[in-house]
Structures are given as C-alpha cells and as structure tokens.
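Right, here's the structure in full:
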C-alpha cells in the first residue's frame, strides 16, 4: 500500500504474465516468465522490484544469463486476497490466452500451416480482442499467429467479394442474353400474328365477294353474309389459338415474359366485349405467370452455417446444423449429393481449387 497508485495498478498485468490457466481442469497456476517481459514499463519494473524485496516474487538467472521471475509460493495466488481476486477476474482471459498459445505453438511446429490458423467467428474475434486490448501481455509468437489469422481472414473476404462480383456480372450477362432472345421471339411471334391476320382478312374478303356474287335474293345474300361472318370468327379463333400455343411454347422454353405478352394478346380487352373468350388463352396465361414467379430453394433439415460455389459456378455446397453437407445443381436446384459422417453441426464447407473434392469442418473436431 506504500507504493504509488500507478505502480499498484500494474499488479494485474504482472500477475497475468506470471500465471497460466490449465485447459484440462480449469485451474490457474504460477509460471516463470522473463524479467524483460514482466517488467516492460517503469511502473511494472518498480512493482516487480518491490515484490522481490518483499519475497513475494523470486528471480533466477539461467546459464545463458537470462533472468526469470516467478511467484515465490503457489499458495500466494489463493491466500493473498488481492492476488486471488485478480486471478479470478482474469480467469477467462488466462484461458483464452493459453488456448491461443497452444494453437500458435502447433502452427509454428507445423511450418505455419494455413489450415491451423484461427477460423472466422468467435475464436478469431477473441484473438483480435486480446491483441488490441492486452498486446503487451501476449507473446510475440502468439501475436504473429493472430496477425496471420486476421490477414488470411481478410484475404478470404476479398476473394469471396470478387467471386460474388463475378457471379453478379455473369448473371447480368445471362439476363441480357435472355432478354435479347425473348425480344427476337416476340418479333417472330408478332410477324406470325401479322401473317395470320392478313390471311384472315383475305378470307373475309373472299367470303364477302362470294356472298355478293351468289346473292340472288335477300335470303341468299343473308346466308352468304352469315357464312362469311362464321369464317371470319373461325379465322380469328384460329389466330388466338395460335397465340395461346406460342405462349405455352415460350413458357416451356423459359421465356415467361414473352409467354405472358402472347397470352394477353390472345385474350379480349375491356373494349372488345364482342371477341370470343378462349379458355386456352387463359390457361396459357396462368402457366406463364406461375412459371414467372418460381424460385429455387435449397433446403436442409436445420439451419445453414456456410455456403460455397465450385470454381465453375454451376454447383454450390451448403453446410448445416443437421450434421450434413449437400451439393446442389444451380440451374435445376436439384440436390446432387449429400455428405454424411460428422457427429456434430458443420461450420464450414468448401470446394477444392479444381472443384473435384469438398472439405468440411464440424464442431466434433473433424
């Protein structure tokens, strides 16, 4: 208590450097640390000297001349109330730091294998938080591990962003080509309708001429006119049946917008009450509208945790809480494969660079 307040405030940092958490039994124990790491600031250096003078800490020098500091007695962490409170308050931090040390140590042992970097999510967020808030208490090799994990995460985000942009561009190009094909089909349909209309008019003219030539009397003329009207109505019916048929063909070909326009042309408008109402045209319009609003749904038995496109963009793999990964065909929406075998929810699923294999990661550690 005789020390200055700024020196006393360094105690949590000093104790944090001299303690570690066991990941197996949830206990906190003392550990030696280099004096240069523990006493990195004037306040911490003064506190360490005071604790050594009070015999609460012990310093040792190894054969290489490096000075280490450690807690004099393990029991101090439990019997010294202030130390016990600090240890308990920092238990989560100590456990997280120890997990990061173990992960970083394995990463260095295995030649910095990128597959051992921190995955996106909670673990990466914990590492970044420790690096930003308590950097001076983290070993250099652990800091390098966290920074490399963050760099890999940013690279993956950038790669995913470029892939999404490429997918959007491809979709826009496909849409443009589809609209051009639909415009061409509409033009062909309009030309066919015009030809049919001309034939209808010619047929009506012929019918009227025949009626005039054959009209010897009022009854004969009347019958000829009725015949001409019947032929005209039949010709108009044939024309609109043809438009209905073209609408159904466009629906089958995937050109739902053209199909809707053709079906509407075959139906009478509000100011054409004298025209025949064809149920065939109504059915064609219904089919076109139904097809126009269809979407593809890729469904698991539980929530989806991750998705990824294959390199060619014609398949997608999804990972789910239902312990499976599924492969889907983009164009048809059909499920082409189901990957089973994990005993817990899946967190990641990705295609290999050549698209021939799939890598999955689950909460069961496999």
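In the numbering used here, the protein residues as written are 279 to 644.
A virtual CB, placed ideally from N, CA and C, is assigned to each residue, including glycine.
Taking the DSSP output, what are the residues bridged to residue i?
i           : result
residue 606 : 594, 613
residue 636 : 629
residue 533 : The partner list for residue 533 (beta bridge, DSSP) is empty, contrary to what the question assumes.
residue 339 : 345
residue 306 : 299
residue 624 : 640
When the Cα of residue i is compared with those of the options, which residue comes out closest?
i           : options            : result
residue 474 : 516, 369, 526, 315 : 516
residue 411 : 371, 431, 447      : 371
residue 354 : 379, 306, 375      : 306
residue 538 : 416, 464, 338, 479 : 464
residue 545 : 523, 531, 300      : 523
residue 295 : 620, 413, 521, 400 : 413
residue 638 : 608, 540, 503, 603 : 603
residue 509 : 479, 519, 531, 394 : 479
residue 418 : 386, 367, 365      : 386
residue 449 : 608, 335, 351, 327 : 608
residue 461 : 374, 437, 535      : 535
residue 583 : 436, 640, 421      : 640
residue 611 : 617, 620, 619, 592 : 592
If you drop the 5 nearest sequence neighbours on each side, which residues of the same chain put their C-beta closer than 8 Å to that of residue i?
i           : result
residue 585 : 594, 595, 596, 597, 627
residue 300 : 306, 307, 376
residue 580 : 598, 599, 600, 623
residue 342 : none
Output needed for residue i: all residues of its chain with C-beta closer than 6 Å, excluding positions within five of it in sequence on either side, in chain order.
i           : result
residue 424 : 405, 409
residue 352 : 308
residue 541 : 525, 559, 562, 563, 566
residue 379 : 420
Quick check on the DSSP output: the beta strand (DSSP E) that includes residue i runs from which residue to which?
i           : result
residue 407 : Counting along the chain, residue 407 falls outside any beta strand (DSSP E), though it belongs to the alpha helix (DSSP H) covering 400-411.
residue 584 : 582-587
residue 297 : 297-299
Just curious, the alpha helix (DSSP H) that residue i is in, first and last residue?
i           : result
residue 331 : 320-331
residue 314 : 313-316
residue 363 : 359-367
residue 284 : 283-286
Stretch-stretch touch, CB-based, cutoff 8 Å, three pairs: the stretch 346-361 with the stretch 306-319 | yes
Could you tell me whether the stretch 515-530 touches the stretch 446-458, using the rule of 3 or more Cβ pairs below 8 Å?
-> no
Should the stretch 317-326 be regarded as contacting the stretch 281-292, the criterion being three or more beta carbon pairs within less than 8 Å?
-> yes
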